[in-house]
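Chains as they are written, first to last, in the numbering used here: chain A, 1 to 138; chain B, 139 to 276.
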């Protein structure tokens, strides 16, 4: 059986978030957001992308929809990108604004992003470790 | 064009919630919850039912899925029922437990429920008005 790559990435992400203790829904229609996840403390509004390459593009319109939806809903907006063969990277949507190329926003693998563990607070972000030097807290 | 009654009720509910300032998603698959809505303060996890009659039935399994999903997600669980030709009624899911008939839970039109305005806090519930007598607060 053949699946579209995008749908498969979405299912994988949902599974990972559920393993991390979140309740997750996939949005039907997917006009404003792909995935909503919550764990009672943190609410995530996620647009999901996947690529075999090193960058993805997001239309200005989709980014604006994600931002306005998440503001109204009360959640943190992320673009989650599956770079095939590597781990998931999460890009806070507010920070993507301004990196526009024509009518699209570009996200590169090397852009500052977060791991899924950093997003859900299971792991400090690299920036915290460098600036505070207390990576062994347990 | 013909629509299924359930899908049509769901669309109507989504539209009403959006009018009331919520960001709303319809769940794809609908295994645990039909609709998720948030307004930055209040998160609603909703199972949607509609009937031409005076009662609806919900399987124990569906109710338990709604309750466990909403606890994990961090939202208030409701069964929203469109009694065709009347207004929407919202039944807090925790209060439905115990009213079991065999393997189903029954919800009657006359059961204590809430209007959509009461759920979103735009209107005091009847119980508040009777016990506190301050219905004219503005």
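We put the beta carbon where it would ideally sit given N, CA and C, even for glycine.
Check	Outcome
Under 9 angstroms from the C-beta of residue 23 (chain A): neighbouring residues of chain B	170, 171, 183, 206, 207, 208, 209, 210, 211, 212 and 213
Supposed close pair residue 37 (chain A), residue 24 (chain A) - CB separation, criterion 8 angstroms	4 angstroms
Straight-line Cα distance separating residue 108 (chain A) from residue 52 (chain A)	12 angstroms
Check whether residue 185 (chain B) and residue 218 (chain B) have beta carbons under 9 angstroms apart	yes
Element boundaries [alpha helix (DSSP H), containing residue 116 (chain A)]	116–119
Sub-9 angstroms separation of residue 111 (chain A) and residue 83 (chain A) beta-carbons	no
Beta-bridge pairing of residue 223 (chain B) - partner residues as DSSP gives them	Its beta-bridge partners do not exist; DSSP assigns none.
Under 8 angstroms from the C-beta of residue 39 (chain A): neighbouring residues of chain B	210, 211 and 212
Three-state secondary structure (DSSP) of residue 188 (chain B)	strand
Contact with chain B by residue 121 (chain A), beta-carbon distance below 9 angstroms	no
Coil, strand or helix - residue 140 (chain A) by DSSP	Lying outside 1 to 138, the shown extent of chain A, residue 140 (chain A) is not represented and no answer is given.
Proximity to residue 50 (chain A) [Cα-Cα], best of A:115, A:13 and A:63	A:13
Classification of residue 231 (chain B) by the beta-carbon crowding that lies within 10 angstroms, buried from 16 upward	buried
Within-9 angstroms CB hit, residue 188 (chain B) to chain A	no
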